[in-house]
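**Q**
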Amino acid sequence: MENLSRRGWLRLFGASAMGATALGLAGGGHSKSSAGPSAIKPYELPALPYPPDALEPHLDGRTISIHHDKHHAGYVKGLNTTLEKLEEARAKNEFSAIQALSRALAFHGSGHVLHTLYFANLAPKSAGPKGALAEAIKAQFGSQETLQAQLTEASNTTAGSGWGVLAYEPFAGRLLVLQIEKHENQILAGAAPLLAIDVWEHAYYLKYQNLRADYLKAIWNVINWEEVNRRFDQARK
Ligand SMILES: [Fe+2]
161 MENLSRRGWL RLFGASAMGA TALGLAGGGH SKSSAGPSAI KPYELPALPY
211 PPDALEPHLD GRTISIHHDK HHAGYVKGLN TTLEKLEEAR AKNEFSAIQA
261 LSRALAFHGS GHVLHTLYFA NLAPKSAGPK GALAEAIKAQ FGSQETLQAQ
311 LTEASNTTAG SGWGVLAYEP FAGRLLVLQI EKHENQILAG AAPLLAIDVW
361 EHAYYLKYQN LRADYLKAIW NVINWEEVNR RFDQARK
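Numbering of the sequence shown is given in the working numbering, commencing with residue 161 and proceeding in unit increments.
(1) Could you check what DSSP says for Asp-229 in three-state terms: helix, strand or coil?
(2) Ile-224: which of Asn-253, Tyr-278, Ala-251 sits nearest, CA to CA?
(3) Pull up the distance between the alpha-carbon of Ser-104 and that of Asp-358, whole angstroms please.
(4) Just the C-alpha distance for Gln-398 and Ala-264, rounded to the nearest angstrom, thanks.
(5) In this structure, does DSSP put Ala-349 in helix, strand or coil?
(6) At a cut-off of 7 Å, is Trp-360 close to ligand 1 when judged by its beta-carbon and the heavy atoms of the ligand?
(7) With 16 as the cutoff for other CB atoms within 10 Å, does Gly-269 come out buried or exposed?
(8) What is the rounded straight-line gap between the Cα of Ser-191 and the Cα of Gln-394?
(9) Let me check one thing: in DSSP terms, what residues is Gln-304 bridge-paired to?
(10) For a test of the three-state rule: what should DSSP assign to Ala-363, helix, strand or coil?
(11) List the DSSP bridge partners of Glu-341.
(12) Using a Cβ-Cβ cutoff of less than 8 Å, which residues in the same chain neighbour Leu-261 once the five nearest sequence positions on both sides are dropped?
(13) Look at Phe-267 and His-343 and say whether their C-beta atoms are less than 8 Å apart.
(14) Can you give me the start and stop residues for the alpha helix (DSSP H) that Trp-385 sits inside?
(15) Buried or exposed: where does Gln-339 fall if 16 or more other Cβ atoms within 10 Å of its Cβ makes it buried?
(16) Just checking His-231 against ligand 1 - is the residue's beta carbon closer than 7 Å to any of the ligand's heavy atoms?
(17) Just to confirm the assignment, what range does the alpha helix (DSSP H) spanning Ile-379 have?
(18) Does ligand 1 have even one heavy atom less than 7 Å from the beta-carbon of His-275?
(19) Within 10 Å of its beta-carbon, does Gly-291 have 16 or more other beta-carbons around it, so buried, or fewer, so exposed?
(20) Can you tell me which of the three DSSP states Ala-356 falls into?
(21) Using a Cβ-based criterion (distance less than 7 Å to any ligand heavy atom), does His-272 qualify as near ligand 1?
(22) Please state whether DSSP places Ala-207 in a helix, a strand or coil.
(23) Alpha helix (DSSP H) containing Val-273: first to last residue?
(24) Give the DSSP-derived three-state secondary structure of Leu-335 in the structure shown.
(25) Kindly say whether Leu-219, judged by its beta-carbon, lies nearer than 8 Å to any beta-carbon of chain D.
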């Protein structure tokens with residue numbers, strides 16, 4: 161069951177085992193021995209790939225620290241707590257709370273994965289997309305500028321808390337812009353997120369207050385296109 165879950169996660173988010181390691185997911189304890197469910201390690205908070213203030217002046221260090229150390233950590237904790245409760249339910253064969261636990265699993269699990277992608281999708285220096293990704297963007301969006309305009313607007317108009325995401329849909333081999341609400345609503349099943357832009361207020365409020373559009377304008381200066389390229393290549397395999 162756990163191995164099926166692992167494969168499902170990796171397929172849903174387009175990550176190979178190597179990619180999951182790079183995302184900190186394998187370190188999050190998906191490996192399983194024959195000793196049973198208790199041998200599965202809990203998920204872990206991946207370390208930031210840069211110092212918290214490395215993205216200034218576009219994203220301030222205090223926001224990055226709180227975002228990573230408190231908010232992302234909270235989703236990791238929520239995910240592990242939910243998995244513990246599911247294990248307890250299985251042990252007791254008592255599933256009266258399964259609906260709430262299923263919602264919590266999707267919320268905290270998606271929150272953990274999207275935040276892992278978000279921090280990996282940022283870097284102090286930004287170079288544009290290259291190779292096959294650059295060609296796919298030009299063929300499907302017309303230009304990088306048009307893609308950025310659509311993704312910016314999708315992010316800016318996300319209702320309440322959520323995400324703007326560039327994803328790869330493997331059935332047709334198509335790039336799509338998604339507008340995810342909370343962490344888990346309006347996900348397109350099977351589509352692998354390549355670039356995730358967090359528009360929860362905790363991602364920008366200290367520096368930009370209510371000006372989400374200014375945050376979105378600034379974030380394009382620190383997008384790690386090398387990581388987006390890597391995830392695109394991985395998702396197509
Ligand atoms: Fe966030």
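Glycine is no exception: its CB is placed at the ideal position from the N, C-alpha and C atoms.
**A** According to the data block:
(1) helix
(2) The option with the nearest alpha carbon to Ile-224 is Tyr-278.
(3) Outside the modelled stretch of the chain, which goes from 161 to 397, sits residue 104, for which no answer is possible.
(4) An answer regarding residue 398 cannot be provided, because it is not within the stretch 161 to 397 covered by the chain.
(5) Reduced to three states, the DSSP call for Ala-349 is coil.
(6) yes
(7) buried
(8) Confidence in Ser-191 is poor, its pLDDT being 40 and thus under 50, which makes the residue's placement unreliable; the coordinate value appears in the next sentence. Approximately 20 Å between the Cα atoms of the pair.
(9) Answer by DSSP bridge pairing: none, since Gln-304 is not bridged.
(10) helix
(11) Gly-322, Asn-345
(12) Thr-242, Lys-245, Leu-246, Ala-249
(13) yes
(14) Here the alpha helix (DSSP H) through Trp-385 covers 385-396.
(15) buried
(16) yes
(17) 372-379
(18) yes
(19) Residue burial is scored here from C-beta neighbours: Gly-291 has fewer than 16 other C-beta atoms within 10 angstroms and is therefore classed as exposed.
(20) Three-state DSSP puts Ala-356 in a strand.
(21) no
(22) coil
(23) 258-280
(24) strand
(25) As a matter of chain content, chain D is missing from the structure shown, which is built from one protein chain.
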